[in-house]
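In terms of the working numbering, the sequence shown has 487 at position 492, counting the first letter as 1, and numbering is strictly consecutive. Ideal placement from N, C-alpha and C gives every residue a C-beta, glycine not left out. Remarks on the structure that follows.
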Amino acid sequence: MRMPTEADAYPFADQQLPCLVGGEFVRQGRTFDNVNPVNGVVLATVTEADAALVDRAVQAARGALRGPWARLSTPERCALLRKVAERIEQRFAEFVSAEIADTGKTLQQASSLDIPRGAANFRAYADLALTRGSECFEMGTPDGRGALNYSVHKPVGVVAVIAPWNLPFLLMTWKVAPALACGNAVVAKPSEETPSSAALLAQVMQEVGMPPGVFNLVHGFGPRSTGEALVSHPDVNAIAFTGESATGSAIMRGAADSVKALSFELGGKNAAVVFADADFEAAVGGTMRSVFSNCGQVCLCSERVYVERPLFARFVEALAQRARRLKIGGPYEGADLGPLISRAHREKVLSYYRLAREEHGEIVCGGGVPSFGDERDRGAFIEPTVVCGLAEGSRCVKEEIFGPVCHLAPFDSEDEAVRLANDTRYGLAAAVWTSNLQRAHRVARQMEVGIAWVNDWYLRDLRTPFGGVKLSGIGREGGAHSLAFFSEPMNICVKL
Ligand code: NDP
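Take a look at the structure:
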C-alpha cells in the first residue's frame, strides 16, 4: 500500500460527484459544494439526490434482492467482499487523500485508522458470515415421531445506512460490510460534509462486479432532504444509523409508520476516571488520546475527566502542558491536530468555550482559535482546550460538545467516581485508569455504558459488541451482533 503525499491529487478535483443507483452513476439536478476544512476551498460539487432518485435507489435495491445476488451462496458473497477489501487496499492512496480532503484529518490517522479499518471491515464480516452456524432443536411430539427445528438466516431486505462525518469511511463500511455479508441490498448516505470516500467505494463496488442495485449511494443532506426521504421510505426494511442522538429521535419518528428495524449508534458524553494508583504517564498519555484524537470528533472521546484528589493538580498541569504542545496544522504537516469538520461546527464548539467562561469555569489552556497568517486562517482550526472548576450540573458538563476539549474535576472515593461518571443522559464509553486489579473490574462493570476500557482507550476488537445505553443508542453492532441485526432468523420445523 503506497502512502499518499500532498502531491496526490484529490480524486474528484473539480468534478461533480455522482450518486450510484442500480449500477449506474447518476449526475443530475441540484448540487452542493464539498469544502476543504483546511482552507475553505471548494473541492468539488456533489449531486444531491432528491426524493425521486432516493426512490429509484430503493427500488433498485429491492430489484437486486430478486436478482442474481439472492442466488449467491454465502461463500460467493464473502469472496466478493474480500475483493472489495483488496481493491480498497490497491487504491489506498486515493482513499486516504479523499478522506483527508473532506475532513482535514491527519495523514497519520487516515492512513493508520480510517482507511485500513474500512478494508478490515469487509474482511472481518466476510470471515464472520462464513463461520456462522445456526441453531437446531429436536423436540418430542405426542405421536412419538418427534420433530426437528432449525434456523435459517435470511436477509432483512433493503437496508439504509446513514453515516456521520467524523470517521466517514470507517463508520459507513462498518455497516455496509455486514449488511452485504448477510445478503441484503444497501442504500447508503454519507454526511454531506464527507461524500468522497463513499464515492470511491461506489467505484470499487462496480470494479469488483457487485450486481447492480446491491450497493446504491445517494448524496445529500439530512432533514427535509435525501436522508429524510431515505429513512421514511416505505420499502426500506431496516436503518443502521450513526450520528447525533437528536437525529436518531427524528429518524425513529419517520421510521415508525412502516415499523423498520433500527440500529442506532448515537452521541456520547464519555467519562475517564483516573485513580491515584494509576500509572501516571500511561493515564496522562491515554487521556490525551481520548480527548484530542481526531480533534475530539470521535463519539468515544472523553469530555469529562474525573481524577482522584491527591493526583488532581498534578494531572491537570500535565494534561494542559501537553495540550499546549500539540501541533495544530494541515493533514500533511505532521500535525497532531487537524481542523474541525467545518466552520459551522467550529462555531458550535466555540460557543461552548464561551459558555464555559460564562458558567464560571477556568480555561486552563486553549479556549480560542489559532492564527497562522496564511490560507489556513480560512479553515476550521481551533485550539485544544482544558477546563476546570465547572459545576457538575452546568451545560458544558452535560452536553456533547464534539471538539478537542475536556473538563476535569476531582473525586474523593470510588463510589463518588462511579456516581459522577454515570450522572449523564448518555452511555457510550468510559475509560478507567488504575493499577488495582480488583478495582479495575469492579468499577468498569459499574459504568453505565456500552464499552469500558481499563488502562487504555479505543482498543477495538471487531468481534465484540459495540453500542451505547441511554441516549447513546439502541442495539449492538460488532461481530455476531451485526450479523443478528442484518438478518431475519427463521425457524423451520420438520415433523420426522
Ligand atoms: P448527524 O446526526 O448530524 O448526522 C448523521 C447523518 O444523519 C448524516 O449523514 C446526516 O446528514 C444524516 N441526517 C441528519 N438528519 C437526518 C434526518 N432527519 N433523516 C435522515 N438522516 C439525517 O451527526 P454528525 O454527522 O454531526 O456526527 C456527529 C455525531 O455522531 C455526534 O453526536 C457523535 O457522537 C455521533 N457519533 C456516534 C458514534 C457511535 O458509534 N455511537 C460514532 C460516531 C459519531 P447530513 O450530515 O448530510 O445532514
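Unbroken beta strand (DSSP E) stretches of 3 residues or longer found wholly inside the segment 358 to 404: 380 to 383, given in chain order.
Residue 325 is not bridged by DSSP to any residue.
With respect to the 7 angstroms criterion, residue 231 and residue 151 are not classified as neighbours on the basis of their beta carbons. Residue pairing by DSSP puts residue 40 in a beta bridge opposite 11 and 28. For residue 283, no pairing in a beta bridge is given by DSSP. Shortest Cα-Cα distance from residue 88 to any of 114, 0 and 247 involves 0. Contact between the segment 226 to 244 and the segment 47 to 54 is present: 3 or more CB-CB pairs across the two stretches fall below 8 angstroms. DSSP places residue 86 in the coil class of the three-state scheme, outside both helix and strand. When only Cα atoms are considered, residue 428 and residue 390 end up about 26 angstroms apart. Ranked by Cα distance from residue 197, the options 266, 233, 90 and 425 are led by 90. By alpha-carbon distance to residue 371, the top candidate from 323, 396 and 382 is 323.
Using a Cβ-Cβ distance cut-off of 8 angstroms, the segment 157 to 176 and the segment 99 to 116 are in contact, since at least three pairs of beta carbons, one from each stretch, lie closer than that value. In summary, residue 200 is buried, with 16 or more beta-carbon neighbours lying within 10 Å of its beta-carbon over all protein chains present. Rounded to the nearest angstrom, the gap between the Cα atoms of residue 258 and residue 268 is 29 angstroms.
In this chain, residue 355 is not harboured by any beta strand (DSSP E), its DSSP state being neither H nor E.
In this chain, the alpha helix (DSSP H) harbouring residue 116 covers 110 to 126. For residue 168, the distance from the CB to the nearest heavy atom of the ligand NDP is not below 6 angstroms. Here residue 192 is near residue 94, since their CB atoms are less than 7 angstroms apart.
DSSP, read as helix, strand or coil, puts residue 187 in coil. Checking the DSSP bridge columns, you'll see residue 148 partnered with 484. Short note on residue 46: C-beta not closer than 6 angstroms to any heavy atom of the ligand NDP. 240 is the residue among 369, 274 and 240 whose C-alpha sits nearest the C-alpha of residue 394. Ranked by how close their Cα comes to the Cα of residue 281, the residues 211, 314 and 420 have 314 in first place. Only residues of its own chain outside the window of five on either side were considered, and among them 375 have a CB closer than 6 angstroms to the CB of residue 338, listed in chain order. Burial check for residue 462: the Cβ neighbour count within 10 Å reaches 16 or more, so the residue is buried. Contact check for residue 136 and residue 490: beta-carbon distance about 7 angstroms, within the 8 angstroms limit, so the pair qualifies. Taking 6 angstroms as the cut-off, the C-beta of residue 212 does not count as close to any heavy atom of the ligand NDP. Per DSSP, the unbroken beta strand (DSSP E) holding residue 237 starts and ends at 233 to 237. The continuous beta strand (DSSP E) containing residue 211 extends over residues 210 to 212. Residue burial annotation: residue 298 is buried, with at least 16 other C-beta atoms found within 10 angstroms of its C-beta. In terms of Cβ geometry, residue 401 and residue 300 form a close pair [threshold 7 angstroms]. Distance between residue 379 and residue 82, taken at the CA atoms: about 37 angstroms. Within the segment 245 to 286, there are no complete alpha helix (DSSP H) runs of at least 4 residues. Within the DSSP bridge table, the entry for residue 490 names 142 as partners. By the Cβ-count criterion, residue 486 is exposed, with fewer than 16 other Cβ atoms from all chains shown falling within 10 Å of its own Cβ. Residue pairing by DSSP leaves residue 176 without any beta bridge partner.
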